[in-house]
Amino acid sequence: MSLELRGIHKRYGAVRASDGVDLRLEAGEIHGLLGENGAGKSTLMKVLSGFVSPDAGEVVLDGKAVPLGSTRAAIRAGIGMLHQDPLVFLPFTVLDNFLLGSGRRVRRTAAARELERISGEFGFHFDPEAPVRSLTVGERQQLEITRLLWLGARVLILDEPTTGISAVQQERLFATLRALAAKGMIVAFVSHKLEEVEALCTRVSVMRRGRVVGEAALPCPTDRLVEMMFGRVLTPPPREAAPPGEAVLELDGLRPSERGAGEYHLAVRAGEVIGLAGLEGSGQRPFLRTCAGLQRPAAGRLRVGGLDLTSAAYRGYLDAGVHFLPAGRLEEGLITGLSITEHFLLAGSAKGFSIDWDAAEADAAARIEGNLIVGRPGSTAGELSGGNQQRLLLAMMPPEVRLLLMEHPTRGLDLESADWVWRRLLERSRQGTAIVFASADLDELLRYSDRILVFFAGKVLREVAAVETSGEDLGYLIGGKERP
Amino acid sequence: MTWRRVLSALLPAATAVAVGVLLLLSVDAPPHEALRLIFEGSLGSAGGISSTLMAWVPLALAAAGLVVTFAAGLWNIGVEGQIVMGAVAAAAVARYVPAPSGVVLPLLLLAGMLGGLLWGLLVGVLRVKGRVNEIFGGLGLDFVATGLVVYLVIGPWKRAGSASTSGTDLFPREAWLPTTGSLTASWLALAVAAAVLVLVYFLMRGTYFGLRLRAVGANSRSAFLLGISTSRHLLGAFVICGALAGLGGALHASGFHHKLVPAVSGGYGFLGILVVLLAGFRAAWIAPIALFFAVISVGSTQLQLRLQLDSALGGVLQGVLVLFTLLAGGWQLRRAYRSRRRTEEGG
Amino acid sequence: MEATLASIVAAASPLVYAVVGETIAEKAGVINLSLDGSIMLSAMAGFATAYATGSVLLGFLVGAAVSMAVALLVAFASVELRLNQIAVGFVLTLLCTDLSSFLGDPYVGQRVSGVPHLAIPGLSDIPWIGPILFDHNLSVYGSFVVMAAAYFFIFHTRRGLELQGIGERPEAAHARGLRVNRWRYLYTVLGGALVGLAGAAYSLDVRLGWRDGLTTNYGWIALAIVIFGGWHPVRAATGAYLFGALSIVALKLQPQLPDLSQILPITPFALMIFALLLVSQDWSRRLADRYPRWRRLLSGDPPTAIGTAFWRD
């Protein structure tokens, strides 16, 4: 059995997400789809699973054409997709999620038995009546895989499945995938992480800018893959060890919330970069948001630049030189309908009643140039690409920032933009800004942090120096274990 | 391709007329005569023009206030109650402050603003502190305001002699808005309304407050993170709209009815929402559209008198116009989106 | 006392239709804000039909059809054109109300025989419950059936689960092969049908007759009760009965408080709206967490994707 994609085209506005893609996947193999963020992998898989309809092209499974643009047709043909953020219904129970949309007329008890049977084969365990909201991302993935298998999937597509799961869960996932491939399923594994693809897949296709630029059987020399992925060699920006200055952030027994277990003691000095590692939901988010002044701590003390801000309102934090960059650029950072000029006006500290639009536009134009933003003063934030949105957010930062807190600074960015972002950030740190950032990208954490705090189950499990730690060590620590 | 734009603006209007004609035919009424009556009733006589202008005042003021609340992302359904409370406050001044015009009138207008402002603030507090959706908080307060007016008109402020739902006694002459010549419309009311419209336009376009308000309305979370106090701005929007609506109520009570009547808001609040929708939330379009709606509203009261038709026909025309404008706008966007997709596929 | 309870059940039955219908539409993610207008228009159309044809049944059918048409328009504007659902609903409310006034003039003050009384033999003799629940007419019994059927459908059938999924997270429903937008049309129109029955039930049963503004504000109250009911048909129906009780109490107080007799009818509306204050607070969510088995009944959260348009690309 084989799955073929022929001549898939898909455009979003000016962006050619899929630019004439031909691909062939065989049963029994785990086929990796490798490429940088924005290379077009996700779009291709969404076309394959019927979630999105392509502009042109066809999909042939086992000799039969699969109707495109219909998730029903894809499911009926046996194509199942596990989305990066598993598309589950959070308030509903595990069993409800298992059943919803299956089209099967089964009694709940029979379905519960099926759930247990299939999940048991792979070592998953579920409480059928638990709300899915209470499951970790890894567990939600397991549930989705179980469900897709129950529906008779012959093709399993996984879109960046390892973001936000622990090393232990990842091992189990890989074992599951190998077992499924051995049973004759077609498995497509989409990722931008080289090591994972090398560890798991038997064949790999590399995508760049909407096209498949190369194929290889694994194992194969890493350089070849890198060359296909990037077409060039990458050099990380230079990092000088600047001597850290005075204490900028001091946490003394800080407890972000009543229910959470975390109690934090930390001192961050000017110019330091602290990385927060850990799975989604391990405590980094409440930690960062409490330090940003968005959440009132339940206990403990917090000082910024010597000033006690424990019971201060958000405004107090802003005045003290704290700046927070959220992960959701359009949800919490920018305002879709407003223009770049208007964003700069809002971010600026100008007091006064009326706006001088001409001056504001000129100022915006200057800052656009200075920050390499692709856009005009009148462009709205929603019109900008992800990379440019992040440039805008960075350009909106006040000139003097004492403490910069960031959630996932380069999520969803292409390599160039991510590179540029960190160059700017390191400039700031050289000027004395202390940076604390959370990231799911272990490379990023290791490359840019001085110290890394590993979060697990709501607490800081360990604090490590970045230079002394490897990616594998970190992967295990995130899952709560030491590397064996 | 501006002819397409013109067409898309005219099509809803044509539809409204067509619907009107159909309805009139369905009740065996002469359509041509009826439509002519509407315009004659509102523009064909000095009395009609005065009524139209005095209807324009609360409508335009309410709409101007609603522009502010819409910018903040709010559906201020409570605007009706805010108009009413403005009228109530004005009536209180007229009743209890015997003084020459120069004193009573400014007090009356201020009271109107204050009454509406407080009523708007209530909705705001319910929304910001009580997390009650402003649609329902506003509705509840509309009910309360209506109840209050009825109580006052039948009870403590009833007409000397027998209580009547036609309203209180007339205000003392000093509390009537000044007019000129034979026009019973008050130049003061018109001047105030026009000035307010200009101020609101400037407020929304040219001030930081207006920009911040729009930010809050577009994405309150991002606005908060940027350091904007969302609750203060939301409350501010309610306060401004309430004050303007209340002012409209006061001007209408003092300049048109010259007394407090149960239906003092006249539905101008809800109609104001339609005006703003038709104006695409742009302050510059409020004045002409409100005037057009005032013409229809006032004119259609003639239908009752002359042709025994329900004056609600005016409301139908206005409603169809706004509905089809919204639909046409949505349709345009859909078509533009689809054709953009199609041209891309060719490439 | 039984007579009072029975009259509450009867008086609230049109509202039960409306809140169940709107709950279904909103569960699918579509807000039909036109209720106040469509109930009014359906009431007028139903009455006019019954008057013209002599058939009360036909009146109900036409009433349902009218609101279905309005709901179809709401669905089209929301699903296809992706317009703001509040805006479209609001305009339709005013439009339908004015339409009902204009077209209803000839029928003001006319008489029509209402829904015939039909006590259920045997059941209506049960002491206490009998007269309260089983001594009514078909319209009232219909409201019971509708409430129970909606509850059963939403929470105990496969399609009902899918309905919940569509309003909760349409992308996930879409990924599972459900035709989100098609179902949204269907459920909105179905909700509209029930809303139409509510209108007809007002003009042909509870408030037999037609006059301008017969059902004023009942649509708004229905919308509030849907929220109060936490998008659960039985809880919403309970809200309707609560409102009915408040109305009956206000009615009974009128002769005793003659000065306030004009305001009394308005108070149930105001009180009900402010009951929303209670429901909007955190305690309902905390209760739901404490008693997970009763989560469905206790939690007041809206379907997450309510009011949003869904499109795939």
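Chains as they are written, first to last, in my numbering: chain P, 1 to 484; chain S, 485 to 831; chain F, 832 to 1144. The beta carbon of each residue, even a glycine, is placed where N, CA and C say it ideally should be.
Within-7 Å CB hit, residue i to chain S
i: F:GLN1093; result: yes
i: P:GLU332; result: yes
i: F:VAL922; result: yes
i: F:ILE1079; result: no
i: F:PHE984; result: no
i: F:PHE933; result: yes
i: F:LEU925; result: yes
Chain-ordered chain P contacts of residue i [CB-CB under 9 Å]
i: F:ASP1132; result: PRO91
i: S:ALA707; result: ILE335 and LEU346
Residue i at chain F interface by Cβ criterion, 7 Å
i: P:ILE75; result: yes
i: P:PHE51; result: yes
i: S:ARG611; result: no
i: S:ARG698; result: no
i: S:ALA796; result: yes
i: S:VAL503; result: no
Beta-carbon neighbours of residue i, restricted to chain P and to distances below 7 Å
i: F:GLY1008; result: THR71, ARG72, ILE75 and GLY101
i: S:LEU695; result: GLU342, LEU345, LEU346 and ILE355
i: F:GLY996; result: PHE89, LEU100 and GLY101
i: S:GLY690; result: SER354 and ILE355
i: F:LEU992; result: ASP96, LEU99 and LEU100
Where residue i meets chain F, residues with beta-carbon distance less than 9 Å
i: P:ARG105; result: ARG989
i: P:HIS83; result: GLU1002, ALA1003 and ALA1006
i: S:TYR635; result: ASP1090, LEU1091, GLN1093 and ILE1094
Residue-level contact to chain P via CB, residue i, 7 Å cutoff
i: S:GLU829; result: The pLDDT assigned to S:GLU829 is 48, lower than 50, so where the model puts this residue is not dependable; a value taken from the coordinates is nonetheless given after this. Closer than 7 Å to some Cβ of chain P, the Cβ of S:GLU829 qualifies, so yes.
i: S:LEU710; result: yes
i: F:ALA1140; result: no
i: S:THR714; result: no
i: F:LEU964; result: no
i: F:GLU999; result: yes
Cβ separation of residue i and residue j, assumed to be a contact under 8 Å, to the nearest whole Å
i: P:ALA434; j: P:ALA182; result: That belief does not hold up - the Cβ atoms of P:ALA434 and P:ALA182 are roughly 50 Å apart, past 8 Å.
i: P:LEU5; j: P:VAL21; result: 6 Å
i: F:GLY1027; j: F:ALA896; result: 7 Å
i: P:MET45; j: P:ILE157; result: 5 Å
i: P:ILE373; j: P:ARG391; result: 5 Å
Secondary structure of residue i, DSSP reduced to three states
i: P:ALA312; result: coil
i: F:LEU846; result: helix
i: S:MET569; result: helix
i: P:VAL213; result: strand
i: P:ASP19; result: strand
i: P:MET397; result: coil
i: S:ASN617; result: coil
i: S:GLU829; result: Note that S:GLU829 scores a pLDDT of 48, beneath 50, so its modelled location is shaky; the value from the coordinates is reported in the next line. S:GLU829 falls in the helix class under three-state DSSP.
i: P:LEU64; result: Rather than Leu, the amino acid found at residue 64 of chain P in this sequence is Lys. Residue state, collapsed to three classes: strand.
Residue i and residue j closer than 7 Å at C-beta
i: F:TYR1018; j: F:ILE870; result: no
i: F:VAL905; j: F:SER865; result: yes
i: P:PHE344; j: S:THR691; result: no
i: P:ILE79; j: P:LEU200; result: no
i: P:VAL197; j: P:SER205; result: no
Contact list for residue i against chain S, beta-carbon separation under 9 Å
i: P:GLY375; result: Within 9 Å Cβ-Cβ: nothing; P:GLY375 doesn't reach chain S, min ~18 Å.
i: F:ARG913; result: GLY814, LEU817 and ARG818
Neighbouring residues, chain S, relative to residue i (Cβ below 7 Å)
i: F:PHE1100; result: PHE627
i: F:ASP929; result: ALA796, GLY799, VAL800 and GLY803
i: P:LEU318; result: GLY711
Contacts that residue i makes with chain S (C-beta to C-beta distance below 8 Å)
i: P:THR336; result: ALA702 and ASN703
Partner residues on chain F for residue i, Cβ-Cβ distance less than 7 Å
i: S:ILE757; result: PHE921
i: S:ILE724; result: Residues of chain F passing the Cβ test: none, with the nearest at roughly 21 Å.
i: S:VAL806; result: VAL922
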